[in-house]
Structure formats: structure tokens, C-alpha cells
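*Asks:*
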Amino acid sequence: MNPQALVQQANRELDVLQSAQQVIRDALQELGYGPEYYELLKEPMRMLTVRFPVHMDDGSVRVFTAYRAQHNDAIGPTKGGVRFHPDVTEAEIKALSLWMTIKCGINGLPYGGGKGGVVCDPREMSFSELERLSRAYVRAISQIVGPTKDIPAPDVFTNSQIMAWMMDEYSRLREFDSPGFITGKPRVLGGSEGRETATARGVVICIEEAAKRRGLNLADTRIIIQGFGNAGSYLAKFLYDLGARVVGISDAYGALYDEKGLPIPDLLEQRDSFGTVTTRYKDTITNKELLEKPCDILVPAAIENQITAANAQRVQASIVVEAANGPTTLEATRILSERGVLLVPDVLANSGGVTVSYFEWVQNNQGYYWTKEEVEQRLVQAMRQSFDKVYTTAQRHDVDMRLAAYMTGIERTATALRLRGWL
Ligand code: NAD
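Mind the numbering: the sequence shown is residues 616 to 1038 in the working numbering, read in order.
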């Protein structure tokens, strides 16, 4: 990466962390907590940086850098995914661990936030190199993680196979079978029904609830989804099945838009495992253009900082539901809110994933497994309750849904800190 791109990337990461910190500060202030609460909660209480060697297939040895952040464990063990990505940085992992505390708090899960990341490019690694990397990461962080301490899960570019290797490595180290060490596992190894689709299911529930509040009938709405990966593609399928008109989708290479509605089943068949589909089409538009196209509901489901002060005025949707983490800047949040757009923030909208991860951990601890219907029913109930809590808080305090979500999410941790006598 050239020096200018490196500076831009560093600024973006600081933006994400600073935005998370700013909303936590505002939320604590609005709730009446003293400055010592912000001082403690603005950063993870524990941040481990590790470096470890991995033997590559060509006989060379590469040294990887990785992180594990534990934001706060006053409520219970910390919980959060592990991402494998070349752009992983300490600031990003810190921000993601803060967000996990808020997500767990909103949903009343007995966890604090955690997050991990390995600086690597899994797209350029073989299956066996990925296995050695996954196992080495677990050995490097094993002292601070565990089923009652800190429970990892999948995130960007990690999947159920990687979770299986990590669980196996941890079980070997501890010399007992530990399915509750990690969630997002294959079902045969203690994974939960419904985990793979949980994030998208949760987003759909938020879309339904938001549409209800705005008097929109989902079957009459036009929806744009930015990103066609795990979150975006399942979301497109569920919305299409519900009769909504998905008029736009995109991936890293471009976007497709059709006012009459896109053929979602065909697009799902054509996408590759990295969520790419638009490269098969000629009449594409850019991601930037897609965000400003006519629609009723816009769902950013790709990457950070997509709706900014530069384009927020031109977003035509009346509802924005953030499936991705951090897709809207704080300035854009303010602009959308002033324009009367209902923005359902990431910490609420995409929290279906961690909710079903919690269900998986509960099932592992009980050694008793639920049916798909049971998982879905509990997820629908949990997400509806969470949406309602946040929406009511927003109305009661006359604040936007993002601040209301942080207030709802941080209050449990702040109360736990007080009751434990830490603050
Ligand atoms: P993914 O890697 O499966 O898919 C990402 C999609 O975004 C792909 O279609 C990719 O082509 C597209 N994309 C990448 N760079 C882009 C760019 N510059 N512009 C436009 N599109 C781009 O990832 P995912 O799991 O679907 O996650 C997407 C977002 O949702 C992330 O912010 C992630 O943190 C968040 N999220 C996902 C889950 C989950 O369970 N998958 C849970 C919570 C939050």
C-alpha cells in the first residue's frame, strides 16, 4: 500500500474508534453517569497483541501479528468474533470490542464485548496454512480465553471450519472437550441451528419493525442492499421471499439496480464464496451511485464509512438499516436524522448473530440442542424486544436511534460496574 493510502486507512480506523467512543460518552452523559465510567469504558480493559510463526506450504516460515481485545467483563465473559484480514489493526479491533459490549447489552446477553483479529490474507493461503494459522492463534491467546472467560466466533473471512480447528486446538490444550469455547461451529461439533443466517434474520426483523413504525407495507417497498456477502445475500433472499422488491445490490466491484426488481434467486446462484456477482454483468453502476438511487429502505451490508456528510443529503430512502458495522458516520447520522430518515443502527440491526451465538453457547453448556424453529422463535422474540427497547428510549429521550441504542446497551455494564463496587 502506498504511504497516502496507509495514512487514509489509519484515519478511517481512528474515525471508527473515535466515533464509538463519542457515542459511548454521549450515552453515559445522557444517563447521568460520572466521567469515571467513560474513562474506564472508552478502551478495552485488556488488549493482547501476539506475534507467532506459521510454517507455510513452500517451506518458509511467516510471522503473523494478531490481537484479542476484551472490552469489559463486569457482566460476564467477553464475546466477539475473530477476523482474518490484511487491514486488521489494533484501533479497529478495539472499536469492534466496544460495539460488542453495546450489542450484548441491548439484547440482555450475559456477556461483555470482545473481538479478535489476525493480520493476514486468507484469500492467498491454502487450506492447511489456514489451519496452522488458526491453531497458532488459539495457542497464542489461550491464557486469556475460555468458555467462562472470553468466547470467540466467526467474523470477516473466518467460518465454521476455522471455528472447528480453533475449538479442537483449545480442547487439546486443556485436555477436555470444550465446545463452549467458541461459537459458529459446524453443527456436528456443537454448532447451533440457524447460526449462519442469524445476522440476516435479525436485520429482517429490524426492517419489519422499522417499516411498521413508518406505516410501510414490506411487500410494497423498494429495497437496496449494499454488499452481497454472508449478511447481504441471505438478507436479499429473505426479503425477496417476503415479497419485497429488491431493486439494488452490490459487491466490491460494482452495483446492479433495476426499478422493477432484481432476479435475486439467479444472483444468489451466480455469486462466489467472497460475495462477488456483479463482475458477470455489463450494465453495472458504482457503489456510490447505488446509495443515492430511489428506494424506500437502504441497507448498507458491506463495509464502514459508506454514508458520509458527502452523500447523506442525497440518500432517498426513508429508512436506513445498518447491517454492516459502522457504515454511517456520525455527521451523516445527524444529517439523516434532521431529514427525518429513520436510521436503525448497526449495534441493534446486526445483533442477531451474537444472539444466536449466545444460544449456541447455552446449548453447549446444557448439552441439549434446540430445533431450527425453536432458535428462530427465540431470535424473533429477542430482536423484537430489543428494537422496541431502543425505539422507546429514542422517543422518551428525544434522541436518534444510534444514541438510544448505546444508552440501552451501556446501561447494563454501567450498573454492573456499580454493583460490583468497581466504580
Ligand atoms: P462478507 O465478506 O461475506 O461480504 C462482504 C460483501 O461486501 C461482499 O459482497 C463484498 O464484495 C462487499 N464489499 C467489499 N468491499 C466493498 C466495497 N468497498 N464496496 C462495496 N461492497 C464491498 O461479509 P459479511 O459477513 O456479509 O459482513 C458484511 C458486514 O456486516 C460487515 O461490516 C460485518 O462486520 C457486518 N456483520 C456481519 C455479520 C455476519 O454474521 N456475517 C454479523 C455482524 C456484522
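Glycine is no exception: its CB is placed at the ideal position from the N, C-alpha and C atoms.
1. First and last residue of the beta strand (DSSP E) that includes I690?
2. Nearest-angstrom Cα distance between G1024 and N940?
3. Return yes when the C-beta of V771 is under 7 Å from any heavy atom of the ligand NAD, and no when it is not.
4. T891: beta carbon under 7 Å from a heavy atom of the ligand NAD?
5. With respect to 7 Å, is the separation between the Cβ of F843 and the closest non-hydrogen atom of the ligand NAD below this value?
6. Going along the chain, which unbroken runs of the alpha helix (DSSP H) with 4 or more residues stay wholly within the stretch 730-806?
7. Does the Cβ of Q978 have 16 or more other Cβ atoms within 10 Å, making it buried, or fewer, making it exposed?
8. From V914 to Y785, what does the alpha carbon distance come to, in whole angstroms?
9. Just to confirm the assignment, what range does the alpha helix (DSSP H) spanning Y896 have?
10. Would the beta-carbon of G967 fall within 8 Å of that of G869?
11. Taking all protein chains shown into account, decide if L745 is buried (16 or more other Cβ within 10 angstroms of its Cβ) or exposed.
12. Leaving out the 5 sequence neighbours to the left and right, which residues in its chain are closer than 7 Å to V862 when beta-carbon positions are compared?
13. Taking buried to mean at least 16 other C-beta atoms within 10 Å of its own C-beta, is Q928 buried or exposed?
14. State the start and end residues of the unbroken alpha helix (DSSP H) segment that holds T664.
15. Within this structure, are the beta carbons of F667 and V734 separated by less than 8 Å?
16. Determine, using beta-carbon pairs with one atom in the stretch 942-958 and one in the stretch 973-989, whether at least three such pairs fall under 8 Å.
17. Report the rounded CA-to-CA distance for E811 versus K764, giving the unit in angstroms.
18. Please list the segments of the beta strand (DSSP E) lying wholly inside the stretch 905-930, counting only runs of 3 or more residues, in order along the chain.
19. Which full runs of the alpha helix (DSSP H) of 4+ residues lie inside the stretch 952-1014, going along the chain?
20. For the stretch 712-721 and the stretch 676-690, state whether three or more C-beta atom pairs, one from each stretch, are separated by less than 8 Å.
21. Here's a check: name, in chain order, each residue in its chain whose Cβ is nearer than 6 Å to the Cβ of Q636, leaving out the five neighbours to either side.
22. Would you say G727 touches the ligand NAD, meaning its beta carbon is less than 7 Å from a heavy atom?
23. In terms of residues, what are the limits of the alpha helix (DSSP H) holding V819?
24. Could you check if F772 is buried or exposed, using at least 16 other CB atoms within 10 Å of its CB as the buried criterion?
25. By the DSSP assignment, the beta strand (DSSP E) with G720 in it spans what residues?
26. Taking the beta strand (DSSP E) that G869 belongs to, which residues open and close that run?
27. Straight-line CA distance for S793 to R802?
28. Excluding the 5 residues flanking W780 on each side, which residues of the same chain have their C-beta closer than 7 Å to its C-beta?
29. When you measure from the CB of I918 to every non-hydrogen atom of the ligand NAD, does any distance come out below 7 Å?
30. In terms of residues, what are the limits of the beta strand (DSSP E) holding S865?
*Replies:* Short version:
1. Counting along the chain, I690 sits inside no beta strand (DSSP E), nor does DSSP assign it H or E at all.
2. 16 Å
3. yes
4. yes
5. yes
6. If we require 4 residues or more, the alpha helix (DSSP H) runs fully inside the stretch 730-806 come out as 742-756, 775-789.
7. buried
8. Put simply, the backbone Cα of V914 is about 37 Å away from that of Y785.
9. Segment: none, Y896 is in no alpha helix (DSSP H) and carries neither H nor E.
10. For G967 and G869, no; Cβs fall outside 8 Å.
11. buried
12. R837, I838, I839, Y872, D873, E874, G876, L877, C910
13. The residue in question, Q928, is exposed, as its Cβ has fewer than 16 Cβ neighbours within 10 Å.
14. T664 -> not in any alpha helix (DSSP H); beta strand (DSSP E) instead, spanning 661-670.
15. no
16. no
17. 24 Å
18. If we require 3 residues or more, the beta strand (DSSP E) runs fully inside the stretch 905-930 come out as 912-915.
19. 961-964, 967-981, 987-1012
20. yes
21. K657
22. No.
23. 813-828
24. buried
25. Unbroken run through G720 is the alpha helix (DSSP H), 705-721; no beta strand (DSSP E).
26. Going by DSSP, G869 is part of the beta strand (DSSP E) stretching over 869-872.
27. 14 Å
28. So the qualifying residues of the chain are E746, S749, R750.
29. yes
30. 860-866
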